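Report on the following structure.
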Amino acid sequence: MNKYAKLVNGVLFYAPSGMNNILGYNLDSNRERLLADGYKPVLTLLNKDRFVDCEGYYSFEYTETETAVEERAVYHPYGYERLRQKAYPDPAMLYDALVKINSGNDTLEAEGKEQLSAYVQTCLRVKAEYPKPA
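Adding 108 to a residue's 1-based position in the sequence shown gives its number in my numbering.
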């Protein structure tokens with residue numbers, strides 16, 4: 109069953125369920141009257157769970173066409189800061205490397221330096237993949 113509504117400044121106003129002693133005003137059986145009063149069928153997106161992306165997010169808004177009010181998915185990419193934040197390695201790896209380097213144990217110190225180098229290289233790759241905008 110279609111619902112009918114008007115889109116006013118981006119806000120959806122559904123037709124009332126009853127109006128002027130007409131019960132069931134917002135029903136398909138009253139389509140002609142609804143259209144004459146400026147209401148249009150509302151077409152909503154099904155299964156919004158499919159709108160997922162690791163590098164951005166979706167919001168949903170309504171747009172008016174000649175024959176209907178349609179819900180549309182609008183994609184918003186994350187900024188480089190958020191993408192970097194998600195891609196950087198866990199800082200616990202850095203802390204662990206620093207503890208090993210400062211442990212006074214030659215074996216742990218060597219492991220820590222190797223771990224620190226790997227951490228820095230990963231961070232540099234992330235910076236290259238998601239550069240600051242100019």
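For every residue, glycine included, the Cβ atom is placed at its ideal position computed from N, Cα and C. Because the structure is a prediction, the values reported are computed rather than measured.
- Message: Quick check: Ala205 and Leu224, are their CB atoms within less than 8 Å of each other?
- Response: Yes, they are a contact pair.
- Throw me the rounded Cβ distance for the Val177 and Lys156 pair, which I believe falls under 8 Å. The Cβ separation is near 17 Å, so there is no contact.
- Item | At least three beta-carbon pairs within less than 8 Å, the stretch 182-200 to the stretch 212-220 | Touching, no, given that fewer than three Cβ pairs across the two stretches are closer than 8 Å.
- Message: Rounding to the nearest angstrom, what Cα-Cα distance links Leu154 and Thr230 in this structure?
- Response: Per the coordinates, the alpha-carbon of Leu154 lies some 40 Å from the alpha-carbon of Thr230.
- Item | Closest Cα partner of Ala113 within the set Ser167, Asp136, Val150, Asn138 | Taking only the C-alpha atoms, the option nearest Ala113 is Val150.
- Item | Cross-strand partners of Glu178 (DSSP beta bridge) | Answer is Leu151, Thr171, bridged to Glu178.
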